[in-house]
Structure formats: C-alpha cells, structure tokens
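Single-structure report; data block below.
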Amino acid sequence: FDYETPKTLVIPSIRVGCVFRFTQLLVVLYVVYVCVVQKAYQDTDSVISTVTTKVKGFAFTNTSDMGPHLWDVAEYVIPPQGDHSFFVLTNMVVTPEQTQSRCPELPNPSTTCVDDCDCIEGHSDPRGNIQTGLCENYSTTVKTCEVLSWCPHEVDTKLPRALMSAAENFTVLIKNSITYPKFRNILPHINSSYLKRCEFNRTSDPDCPIFRLKHIVSEAGEDFQDMAGGILGILIDWSCDLDWWAKKCYPKYSFRRLDNKHPVNNLAPGYNFFVKYYKKSDGEETRMLIKAYGIRFNVIAFGTAGKFGIVPTIVNLGAALSFLSLVPVVTDWFMLTCMKKRDFYSKQK
Amino acid sequence: FDYETPKTLVIPSIRVGCVFRFTQLLVVLYVVYVCVVQKAYQDTDSVISTVTTKVKGFAFTNTSDMGPHLWDVAEYVIPPQGDHSFFVLTNMVVTPEQTQSRCPELPNPSTTCVDDCDCIEGHSDPRGNIQTGLCENYSTTVKTCEVLSWCPHEVDTKLPRALMSAAENFTVLIKNSITYPKFRNILPHINSSYLKRCEFNRTSDPDCPIFRLKHIVSEAGEDFQDMAGGILGILIDWSCDLDWWAKKCYPKYSFRRLDNKHPVNNLAPGYNFFVKYYKKSDGEETRMLIKAYGIRFNVIAFGTAGKFGIVPTIVNLGAALSFLSLVPVVTDWFMLTCMKKRDFYSKQK
Amino acid sequence: FDYETPKTLVIPSIRVGCVFRFTQLLVVLYVVYVCVVQKAYQDTDSVISTVTTKVKGFAFTNTSDMGPHLWDVAEYVIPPQGDHSFFVLTNMVVTPEQTQSRCPELPNPSTTCVDDCDCIEGHSDPRGNIQTGLCENYSTTVKTCEVLSWCPHEVDTKLPRALMSAAENFTVLIKNSITYPKFRNILPHINSSYLKRCEFNRTSDPDCPIFRLKHIVSEAGEDFQDMAGGILGILIDWSCDLDWWAKKCYPKYSFRRLDNKHPVNNLAPGYNFFVKYYKKSDGEETRMLIKAYGIRFNVIAFGTAGKFGIVPTIVNLGAALSFLSLVPVVTDWFMLTCMKKRDFYSKQK
C-alpha cells in the first residue's frame with residue numbers, strides 16, 4: 046500500500062509552459078471534435094427498414110395493334126403487391142395465343158433450310174426448340190426448320206419506342222418504417238390532407254413521401270424517355286440520434302441509376318417476361334407472352350442509429366488520454382533541444 | 046540504448062495508497078465489465094439472413110356475392126412463393142368481367158352531367174379515364190359522362206368488414222437461416238415430429254418456429270379483427286457468439302406493427318390490387334379486378350455476430366490502460382491537496 | 046504556465062536498454078500490423094446492394110400426362126421478375142380443372158365412412174374442408190365423406206422424380222450493384238462480347254457473372270438431381286477500399302445450401318403452390334393448382350467498405366500508445382528484479 050510517485054522538476058519557463066499547454070489544447074480540441082461533431086460517445090447500429098410502395102397514374106395509348114387502351118396501376122406495375130422493388134412498364138412486345146405446337150423457326154442463317162434433309166429430328170436449335178425434321182415455309186420467300194415450341198414465336202425486332210411515355214408522370218408513395226418504433230418517413234407533422242396533394246421537391250417539399258417518376262429519373266441524371274429500361278435506386282439515408290435529449294431520425298432522399306448505362310458491358314437491360322395463361326373453349330392451354338420493357342425502381346433504406354454507450358465513450362476518451370501522455374514527451378523534447386538552457390535542464394533531470 | 050527512467054519517491058502513507066489502489070480497482074473493474082459483459086474483445090459483424098415462410102390454414106365464407114367458398118393457401122396468400130414478406134387477404138372488393146370499353150363514370154360532382162355539352166371529348170377525368178364526350182345514364186336518376194376505361198368501374202363504397210375472420214387462426218412456419226453455416230432458427234434439438242404439432246408461445250414453446258397469426262397481431266398490441274389492413278413486422282433478433290468456446294446463435298422473436306395505426310398521417314393503408322385475366326370465347330380479354338385488403342407480414346432478421354479479434358481487444362485494453370495512467374495524476378492531486386503533510390510531499394517532489 | 050517534468054535517471058545498461066527497445070518494437074510492430082494489414086485507420090460501412098437476375102435455358106419433357114412440352118424461362122422461373130430470389134421449377138404435381146364444388150375426401154382413417162351417419166354436416170376435416178354430411182364413393186372399393194372444397198383434390202403421393210433434370214444446365218446472369226456508385230459485379234474490363242460467351246469458373250473465369258446452376262449446386266456440396274427442393278445461397282462478398290489511392294471493390298462468389306439437408310428437423314422442403322385461373326365458357330371459375338417442387342436461389346450480397354477516418358486512426362494509435370506507456374513499467378520491473386545491480390538501481394530511484 047505504499048505509493049510510488051515520480052520526483053518532478055518544476056521548470057519556470059513561459060516558453061516551455063506554452064508548448065506544454067498548446068499541445069494539451071490540441072488534444073482537448075480533438076476530444077471536443079470527436080464528442081460533439083462525430084458523436085463518438087455513441088454506440089451505433091444499422092437501421093433495418095421495411096418499405097411499401099404505391100404507384101398512382103394512368104396512361105392512354107392508341108396503337109394499331111391494341112387499339113385505344115387505358116392502362117391502370119393494376120396493369121403496368123409488376124408485381125402489384127407494392128414491395129420495395131417495383132417495375133414500371135414502359136413498352137412491350139406481345140405475342141398472343143401461343144400454344145405448345147409446331148411451327149417454323151424464325152429465319153436466320155442456322156435455321157433456314159431447302160428441304161427436310163437440312164433439319165435433324167430431335168436436334169435442338171440455338172434458342173432451345175426441338176426440331177421435328179421437317180422444312181416448312183416461314184413466309185412465301187423463306188423456308189425454315191419446323192420446331193416443337195411455344196408457337197408462334199416472338200418477333201422482337203421492331204420495338205415501338207416508349208409506348209407509355211405518360212409513365213413519367215406517375216407518382217409513387219413510399220412508406221418506409223425502420224426498426225426503431227415511432228420513426229417513419231411519413232413524419233409526425235404530416236397529415237393526410239397534406240399527403241393527398243403534396244409531391245416531393247428538394248427545396249419546397251423535402252419531407253413529402255410522394256415522388257413523380259420523371260423527377261426521380263431526372264435527379265438521377267437520366268432522361269425518362271431515353272431510358273428504355275434500367276434500374277433506378279431510390280436511396281433513403283436515415284441518420285438517427287436515439288439519445289433521450291435528441292430522439293430524432295430524419296430520412297434524406299437521393300436517386301441514382303444502379304445499372305450500367307453504357308451498353309458496352311451490359312447485357313439484356315431492362316426487360317422481363319410475363320405470361321398470362323388462358324384456356325380455349327376446347328380446353329387447350331394458350332398463353333400470352335409479354336416481353337415487358339421498363340424501369341425497375343428499388344427503394345433502398347440504410348443508415349446508422351446512435352445512442353450513448355459507455356464503451357465507445359471510454360475507448361475514445363482513452364485514446365485521447367494516451368495522446369495527453371505524449372504531451373510531456375513532446376515538451377521534454379522541445380525543452381532539451383530548443384531552449385538555450387537545455388544543458389542545465391538536461392543535467393537537472 | 047541507454048534507458049531513461051523517472052526517479053520516484055516512495056510515500057509510506059496508507060491513505061494515499063488506498064486512494065491509489067481504489068482508483069486502480071475502478072479501472073480494473075471497468076476492464077472486467079467490458080471484457081466479460083460487453084464482450085468487447087470481439088470483432089462484430091452483421092448477421093445476413095434468408096427467410097422462407099409457409100402459411101397454413103383455411104377459411105370458409107358464405108356471402109351473397111360468392112356463395113359458399115373455401116379459401117386455401119394458394120388463394121389467400123399473395124404472392125404464394127413464401128418470401129420474407131407475405132400478404133394475407135382479409136377482405137376484398139371484386140369487380141368481375143372488366144373489359145376495355147365505354148361506360149358512364151361513377152357519379153360525383155365533377156362527373157355528373159345534364160347533356161353531352163357537359164362532357165369534353167378527350168378530356169381525362171380525375172381518375173384518369175378518357176371522356177368520350179357523351180352524357181349517359183349511370184342509373185335511372187343520375188347521368189354521368191361516358192369514359193373509355195376498364196368497364197364496369199370498381200365500386201368500393203360498401204366494404205363487407207373482415208370477411209375472412211378465420212384468417213386469425215392461420216399459422217405460419219418461418220424458416221430463417223443466417224450467413225453463419227449451421228445456424229438456423231429451427232434449432233438442432235427440434236425434430237420434425239415436434240415441428241408438426243408445436244406452436245410458438247413465449248413461455249412454453251419459445252423455440253417453435255410456427256406462429257399463429259392472431260398471436261403475432263395481439264403481441265404487437267393490435268386486434269386482428271379490427272386491423273383491416275396494415276403491416277406487421279416479425280422481428281428475429283440474432284445474437285451470435287462464434288468463439289470456439291461458445292459457438293451459439295439464438296434467435297429471439299418479437300412482433301410490432303410497422304405502419305401508422307392512426308389514420309391522420311396515413312394514406313391508403315393495407316390494400317393492394319390484383320388482377321386475374323381471362324379470355325372470353327370470342328377472344329376478347331376480360332379481367333377480374335380484385336382490391337384486396339389484408340395484412341402484410343414482414344419477417345425481418347437482424348443481429349450481430351461476435352468473434353474474438355486482436356484489434357478490438359487491444360483497443361479496449363489500451364483505452365482502459367490510458368485511464369490507469371490517470372491514476373497517478375489523481376493520487377498526486379489527492380496527496381498534494383488533502384493530506385496534512387502536503388507541503389512536505391510537495392517539496393520532496 | 047510552469048511546466049512540471051519528472052526527474053529521470055539514465056541507466057547505461059545495454060541489457061536494460063535492449064529490453065526497453067524490444068518491448069517498444071513489439072508495440073510498433075502491432076501498430077504496423079493494425080495499420081497495414083487490418084486497415085484500422087479506416088471507417089467502415091456496410092455495403093448495400095441491389096440484385097437483378099436473368100435465368101436462361103430450356104428443358105424438354107415428354108411425360109404421359111402432359112405430352113411433349115418445351116419449357117422456357119417464362120414458365121419455370123417463378124416469379125419471372127428477376128429479383129434477388131428466384132425459384133427454379135424441377136418438378137410438379139398438377140391438379141387441373143379444380144372448381145369450388147363437392148367431392149369425396151381423399152381416403153385416410155379419419156375420412157373413410159360406411160354411411161352418411163359417419164359424416165357430420167358442417168364439420169371440417171383435418172385438411173380444412175367442410176363436410177356436407179354425405180358419404181360418397183371415392184373409388185369402387187372405398188367410401189369417404191363428401192366435402193365442399195376445391196375439387197378434385199390434389200393427389201401428391203406419386204411424385205415423378207426430377208422431371209426437369211435439364212434444369213441443371215440453365216445459366217443465370219447476376220447483376221449486382223452496390224451503394225458506392227461505379228462499382229458493380231460486372232467489372233469495367235468486361236465487355237458485352239465476353240459476357241455473351243463466358244461462364245463463371247473459379248480459376249479460369251472468376252469475374253464472369255454468369256453461373257451454371259449445376260455448378261452452383263455442386264460447389265455447395267450438393268447434387269442437383271438428388272436435391273428435389275431446397276434453398277441455395279449465392280453469396281457475394283464485397284470488400285471495398287474506397288481510399289483515393291486504392292478505389293477498388295471486388296466481389297467474391299461462394300455458394301452454400303441454406304436450408305437443412307437432413308429431413309429430421311425440416312418440414313415441407315422446397316415446394317410451393319401456384320395457381321392459374323381460367324374461366325369456363327359458362328362463366329364458372331376454374332383453377333389449375335400446381336404444387337411446384339424446385340430450388341430457390343437467393344443472391345445475398347454483403348461486405349464492408351472502408352475509408353480513411355481520423356477517429357478510428359486516433360483510437361487505434363491511442364490504444365497502441367497506451368501500451369507504449371506500459372513499456373517503462375515492464376522495463377523497470379525487469380531492471381529491479383533481473384539485473385545484478387538491482388539494489389543500487391532501486392536505491393537511486
């Protein structure tokens with residue numbers, strides 16, 4: 046229980062004292078920075094969130110194939126369940142009345158034929174269809190091998206551009222709640238009458254959770270009409286301070302294109318297949334194959350929540366304290382090298 | 046290679062010694078707390094999980110519209126794939142036999158008309174339908190503008206409450222596996238015969254991964270019958286200790302309503318649109334529009350896994366050691382201010 | 046502003062000096078290890094990612110039930126939207142032409158009956174169907190209670206094994222982009238002509254994002270043909286160094302079975318129900334119930350991104366510095382216990 050303490054010299058030099066205090070001040074400033082600005086006294090945790098989305102809008106098209114057609118949400122948003130990821134149809138190639146049957150292949154160098162000898166029964170062509178061994182007329186000028194497949198084949202060469210250009214004016218309501226109860230992206234001061242008429246705008250309505258698709262795409266630096274297909278991220282960045290004196294979580298929205306814009310290293314951008322099944326009156330199954338082009342929207346919420354924790358506080362203070370213990374080393378070095386009386390000090394020590 | 050060491054004074058005072066040892070003890074206690082309780086010697090990592098769900102149950106309804114109808118899983122769980130998020134139908138408004146055609150709008154102040162002059166051809170009404178310019182009889186008393194749309198329109202004013210009240214007795218089996226192999230929420234001691242008959246109960250069966258929907262909703266503080274629609278979170282909190290002497294991961298279940306209960310700042314709670322497409326014998330496409338009300342269940346797994354790591358160990362020990370270096374400062378201050386012989390000590394130092 | 050510094054003794058002993066320098070060296074080595082190898086100077090953040098998948102391939106089956114049938118992506122991948130999780134059909138039990146009607150139950154001890162007295166009207170059998178109170182012929186030899194249900198019932202006793210064995214040669218293109226713009230699993234040096242012909246191989250093509258399903262399953266230690274159903278994880282581990290002198294994120298792929306292989310504590314592995322709805326010419330709704338067996342693939346991306354941060358740098362250096370302050374303690378202890386002149390040193394101190 047004896048206490049051992051180092052003998053100390055008191056050096057009455059203002060210059061040395063200044064150096065000593067100044068380096069101490071540096072450490073103290075760092076501690077203040079870490080505590081106040083970085084909130085290093087907090088334990089942090091990732092925010093876990095759930096998202097529901099509801100798209101609203103309508104589009105009217107009048108094409109030669111389909112005639113006048115009014116598109117509502119139940120048709121152009123796929124899947125309609127309102128998950129964190131949804132696909133908005135902008136265009137499509139419809140192949141109606143497909144049945145499992147036999148028909149001549151689409152003409153290309155490997156499928157054209159002159160007579161039945163060019164087609165091998167049971168052989169599968171590059172698209173995976175099974176050849177029957179016959180050579181049939183595809184059109185009046187071309188003969189191709191007959192295959193067993195979903196017939197007729199899809200012809201996707203002539204794609205009418207941006208059929209549903211009105212889609213850019215659709216709006217989407219995003220509801221996002223996070224693991225910390227009571228925090229949602231629909232902030233408490235928002236009431237339902239405001240919700241019914243508002244639209245997100247970074248300056249005038251930064252808290253409105255209803256977004257116009259055109260706005261999302263243009264903030265991501267893209268043009269809705271040019272972007273036939275792709276993936277757009279709606280990023281919600283939560284920063285939460287759960288200490289009792291703060292108790293706040295704010296969402297910040299940003300938008301970014303997630304897939305590669307340049308087609309050089311991109312394959313098959315932005316389309317998906319959908320199928321509607323029907324049964325004919327004679328019981329045969331028919332399907333309507335829809336190659337749907339569109340933009341997939343992904344809502345991604347992330348962020349960290351911080352709360353006062355004793356361990357991070359001590360670790361950060363401790364690390365700073367270590368630097369305080371460096372202060373005498375620095376001052377000693379200053380004293381013993383830069384001062385005039387350094388030999389005297391050196392001897393005394 | 047000379048070694049410089051401070052000269053020390055040994056102070057044979059029990060009181061000073063006590064203060065010195067006591068402050069040292071505080072630091073040591075903190076180290077023990079951090080190491081044993083907080084496991085600060087561990088590197089931590091977020092748990093990443095995959096979830097599959099399987100709902101079981103049946104509901105029998107007998108309404109005037111549909112007649113006796115038995116609902117099975119393939120009908121009331123949407124989507125049926127058993128993802129981490131599923132929607133259990135509790136009620137619905139069905140609009141069968143919709144086709145793309147012309148019909149008078151639903152009557153409301155902006156759509157009622159007296160004659161064709163009140164309707165503008167090509168104008169779109171607030172619901173997005175395109176007016177044809179005619180004024181037609183909606184009923185014997187009301188005339189409204191005719192529109193081009195999916196006809197007939199959906200009438201969702203009279204909603205039969207909680208059609209499928211039996212849904213509260215459905216059960217859901219949740220399979221949750223995490224990134225650390227060998228750990229699943231179906232614990233190793235659970236065999237399939239127990240799985241076939243068990244049901245989650247916080248006290249008697251805390252490890253059973255089969256949940257009754259009513260139980261989930263009531264633990265979240267809600268009533269299944271009152272909750273026409275909403276989002277319910279099934280939270281699985283994993284805490285994993287992957288050190289070789291522990292090797293355990295336990296899931297803890299909790300339930301919480303994720304959307305806002307109060308309709309004040311809530312829009313469009315708990316419904317979704319689903320569509321079934323049919324083809325008439327004459328080839329015309331018909332659809333059945335289903336506005337489905339229900340509860341979406343979201344399984345959210347999260348947690349941290351910890352394993353011994355040299356860096357966090359040293360950082361935490363180092364931070365505590367810094368405080369040890371504070372001990373002499375405290376003791377010196379005590380010695381030089383509180384003791385009777387302080388002048389003597391001061392001089393000696 | 047006076048500066049207090051401890052008086053020091055200089056001990057001209059090489060052995061003590063060595064011990065002092067050696068323990069200092071240990072701490073410095075640790076600092077180098079932590080900074081260079083562990084990159085402890087970095088702030089870390091979880092990677093958040095979005096995934097799209099596209100399965101390619103075809104399968105030809107020729108069963109007595111269905112006749113020759115060519116399966117394309119739109120049929121065997123469920124859902125077809127190309128989300129992070131997709132289900133590849135390997136087998137199925139089809140129950141066509143189900144309607145809401147009355148039919149005798151499947152025979153089992155609790156449903157067989159002799160006459161109408163054995164069946165209670167309104168009673169629901171274990172499968173949830175409502176008994177009508179009649180006892181009907183199920184076959185020529187067995188009588189069972191009639192129920193109100195989707196009729197006819199599904200008979201899933203005889204399951205044709207691995208109908209779609211060709212599924213193992215399907216390939217899947219995985220597109221994965223992370224929250225840090227410009228980083229995707231399709232690396233910049235990959236062009237679309239390489240993408241069109243490449244296939245993932247750990248040694249020859251480790252960067253190709255196109256995977257053969259058979260390869261995925263076999264790397265997970267399973268056999269595709271034996272694995273009737275289950276969940277397979279495709280794990281993408283991102284490690285990102287976002288400092289300006291590094292700026293690189295590389296994905297690493299690994300595969301693992303996520304559900305429990307052993308049926309002991311596994312229920313209902315690998316199947317799902319899907320329904321196709323039809324309408325008969327008389328307007329009655331019919332459905333085709335499909336119990337689909339298959340493998341669900343889950344793409345899970347995770348990882349941490351690190352970037353230089355002042356706080357972690359100081360904390361780690363500080364912790365190491367604390368150990369430097371331990372060095373004199375160790376050396377003093379060595380000097381005062383192990384050296385011959387320890388009494389002399391002790392006195393001098």
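Here the protein sequences line up with chains D, P and C, keeping their order. Sequential numbering from 46 applies to the first sequence in our numbering. Sequential numbering from 46 applies to the second sequence in our numbering. Sequential numbering from 46 applies to the third sequence in our numbering. C-beta: ideal position from N, C-alpha, C; glycine also. Quick caveat: nothing in here was measured; it's all calculated off a predicted structure.
Problem - Start-to-end residues for the alpha helix (DSSP H) that takes in Phe368 of chain C - result: Taking the third sequence and counting its residues from 1, one reaches residue 368 of chain C at position 323. Start and end: 355–383.
Exercise for the section: Can you tell me which of the three DSSP states His114 of chain D falls into? Expected result: Within the first sequence, the letter at position 69 stands for residue 114 of chain D. Correct three-state label for His114 of chain D: strand.
Problem - the segment 158–166 of chain D / the segment 205–220 of chain D touching (three or more Cβ pairs under 8 Å) - result: no
Problem - Cβ pair Leu218 of chain P, Thr98 of chain P closer than 8 Å - result: One-based indexing of the second sequence puts residue 218 of chain P at position 173. One-based indexing of the second sequence puts residue 98 of chain P at position 53. Contact flag set, yes.
Handout entry: is_contact[Thr106 of chain D, chain P] using C-beta, thresh 8 Å
Key = What you label residue 106 of chain D is simply residue 61 of the first sequence in a count that begins at 1. No, because no Cβ of chain P sits closer than 8 Å to the Cβ of Thr106 of chain D.
Exercise for the section: Give a yes or no on whether the minimum CB-CB distance between Tyr48 of chain D and chain P is below 8 Å. Expected result: As a working mapping, residue 48 of chain D is identified with position 3 in the first sequence. Taking Cβ atoms only, chain P reaches closer than 8 Å to Tyr48 of chain D, which makes this a yes.
Problem - Beta-carbon proximity of Val92 of chain D to Gly348 of chain D, cut-off 8 Å - result: Your numbering for residue 92 of chain D matches position 47 in the first sequence. Your numbering for residue 348 of chain D matches position 303 in the first sequence. Cβ distance < 8 Å, so Val92 of chain D and Gly348 of chain D count as in contact.
Problem - Local conformation of Arg332 of chain C per DSSP, three classes - result: Your numbering for residue 332 of chain C matches position 287 in the third sequence. Arg332 of chain C falls in the strand class under three-state DSSP.
Handout entry: Cβ-based neighbour list, Lys259 of chain D, same chain, cut-off 8 Å, excluding 5 preceding and 5 following
Key = For the purposes of this step, residue 259 of chain D is taken as residue 214 along the first sequence, with counting starting at 1. Closer than 8 Å at Cβ, skipping near neighbours: Glu213, Asn214, Phe269.
Handout entry: Local Cβ density within 10 Å of Tyr239 of chain P, reported as buried at 16 or more and exposed below that
Key = Mapped onto the second sequence, residue 239 of chain P falls at position 194. The residue is exposed, with fewer than 16 neighbouring Cβ atoms inside 10 Å.
Exercise for the section: Go to Glu264 of chain P, then tell me how far its beta strand (DSSP E) extends in each direction, as first and last residue. Expected result: For this step, residue 264 of chain P is matched to residue 219 along the second sequence. It is not in any beta strand (DSSP E) - Glu264 of chain P instead sits in the alpha helix (DSSP H) that spans 258–264.
Problem - Contacting positions in the segment 49–60 of chain P - beta carbon closer than 8 Å to chain D - result: Pro51, Lys52, Thr53, Leu54, Val55, Ile56, Pro57, Ser58, Ile59
Exercise for the section: Give the interface partners of Phe318 of chain D over in chain C, defined as CB-CB distance under 7 Å, in chain order. Expected result: By one-based count along the first sequence, residue 318 of chain D stands at place 273. In chain order: Val118, Ala119, Pro125.
Handout entry: His129 of chain D burial status per 10 Å Cβ neighbour count (16 or more: buried)
Key = As a first step, residue 129 of chain D is located in the first sequence; it is residue number 84 there, counting from the start. That one is buried.
Exercise for the section: For the segment 92–106 of chain P, enumerate the residues whose C-beta is nearer than 8 Å to any C-beta of chain C, in chain order. Expected result: Ile93, Thr95, Thr97, Lys99, Gly102, Phe103, Phe105
Handout entry: Boundaries (first-last residue) of the alpha helix (DSSP H) holding Lys293 of chain C
Key = One-based indexing of the third sequence puts residue 293 of chain C at position 248. That residue, Lys293 of chain C, is in no alpha helix (DSSP H); its beta strand (DSSP E) goes 293–302.
Exercise for the section: Please report the residue range of the alpha helix (DSSP H) in which Ile93 of chain C lies. Expected result: In the third sequence, counting from the first residue as 1, residue 93 of chain C sits at position 48. Element bounds for Ile93 of chain C: n/a, residue is neither H nor E.
Practice task
Return no unless some Cβ of chain C is closer than 8 Å to the Cβ of Pro226 of chain P.
Solution key: Translated into positions along the second sequence, residue 226 of chain P becomes position 181. Closer than 8 Å to some Cβ of chain C, the Cβ of Pro226 of chain P qualifies, so yes.
Practice task
Within 10 angstroms of the Cβ of Gly363 of chain D, are there 16 or more other Cβ atoms? Answer buried if so, exposed if not.
Solution key: For the purposes of this step, residue 363 of chain D is identified with residue 318 of the first sequence, where counting begins at 1. Gly363 of chain D is buried by the Cβ-count criterion.
Practice task
Give the secondary structure of Ala337 of chain D by DSSP, where H, G and I count as helix, E and B as strand, and everything else as coil.
Solution key: Position 292 of the first sequence, counted from the first residue, corresponds to residue 337 of chain D. If DSSP states are grouped into helix, strand and coil, Ala337 of chain D belongs with the strands.
Practice task
Counting only the same chain and skipping the five closest in sequence on each side, list residues whose C-beta sits under 8 Å from that of Thr189 of chain D.
Solution key: The count along the first sequence starts at 1 and reaches residue 189 of chain D at position 144. Result list for Thr189 of chain D: Pro149, Glu150, Leu151, Pro152, Thr156, Thr157, Cys158, Cys180, Glu181, Tyr183, in chain order.
Handout entry: Of the listed residues C:Thr376, C:Lys321, C:Arg229, C:Val200, nearest to Asp252 of chain C (C-alpha basis)
Key = Here residue 252 of chain C is taken as the residue at index 207 of the third sequence, counted from 1. That would be C:Arg229, whose Cα lies nearest to the Cα of Asp252 of chain C.
Problem - Rounded separation between Arg147 of chain C and Leu115 of chain P - CA only - result: If you number the third sequence from 1, residue 147 of chain C lands on position 102. If you number the second sequence from 1, residue 115 of chain P lands on position 70. When rounded, the distance between both Cα atoms is 11 Å.
Problem - Burial state of Ser370 of chain C (16 or more Cβ within 10 Å) - result: As a working note, residue 370 of chain C is residue 325 in the third sequence. With 16 or more Cβ atoms within 10 Å of its Cβ, Ser370 of chain C is classed as buried.
Problem - Stretch-stretch touch, CB-based, cutoff 8 Å, three pairs: the segment 350–361 of chain C with the segment 282–291 of chain C - result: yes
Problem - When D:Tyr78, D:Leu334, D:Asp304 are compared against Asn361 of chain D, the one with the closest alpha-carbon - result: Here residue 361 of chain D refers to the residue found at position 316 of the first sequence. The residue with the shortest Cα to Cα distance from Asn361 of chain D is D:Tyr78.
Practice task
Using alpha carbons as the reference points, say which of P:Glu166, P:Thr186, P:Asp201, P:Ile345 lies closest to Val192 of chain P.
Solution key: As a working note, residue 192 of chain P is residue 147 in the second sequence. Looking at the Cα atoms, P:Glu166 is the closest of the given residues.
Handout entry: Test: Ala85 of chain P CB closer than 8 Å to a CB of chain D
Key = Taking the first residue of the second sequence as 1, we reach residue 85 of chain P at position 40. With 8 Å as the cut-off, Ala85 of chain P counts as an interface residue toward chain D.
Exercise for the section: With a threshold of 16 other CB atoms inside 10 Å of the CB of Val200 of chain C, please say whether the residue is buried or exposed. Expected result: In the third sequence, the residue the question calls residue 200 of chain C occupies position 155. Exposed is the call here.
Practice task
Decide if Lys297 of chain P is buried, meaning its Cβ has at least 16 other Cβ atoms within 10 Å, or exposed.
Solution key: The residue you call residue 297 of chain P lines up with position 252 of the second sequence. Label assigned to Lys297 of chain P: exposed.
Exercise for the section: With a threshold of 16 other CB atoms inside 10 Å of the CB of Thr376 of chain D, please say whether the residue is buried or exposed. Expected result: Looking up residue 376 of chain D in the first sequence gives position 331. The residue is buried, with at least 16 neighbouring Cβ atoms inside 10 Å.
Handout entry: Where the segment 361–381 of chain P meets chain D: residues whose CB sits under 9 Å from a CB there
Key = Asn361, Gly363, Ala364, Ala365, Leu366, Ser367, Phe368, Ser370, Leu371, Pro373, Thr376, Asp377, Met380
Practice task
Look up Val76 of chain P in the DSSP assignment and say whether it is helix, strand or coil.
Solution key: In the second sequence, the residue the question calls residue 76 of chain P occupies position 31. Val76 of chain P: helix per DSSP, three-state reduction.
Handout entry: Reduced DSSP category for Glu65 of chain D - H, G, I as helix; E, B as strand; rest coil
Key = On the first sequence, residue 65 of chain D is found 20 positions in, with the first residue counted as 1. Note on identity: in this sequence residue 65 of chain D is Phe, with Glu being the wrong assignment. Helix.
Practice task
Take Cys196 of chain P and list the residues in its own chain whose beta-carbon comes closer than 6 Å to its own, dropping the five residues that flank it on each side.
Solution key: The sequence position of residue 196 of chain P within the second sequence is 151, counting from 1. These residues qualify, in order along the chain: Ser146, Cys148.
Problem - Start-to-end residues for the alpha helix (DSSP H) that takes in Lys325 of chain P - result: On the second sequence, residue 325 of chain P is found 280 positions in, with the first residue counted as 1. From DSSP, Lys325 of chain P is part of no alpha helix (DSSP H); its letter is neither H nor E.
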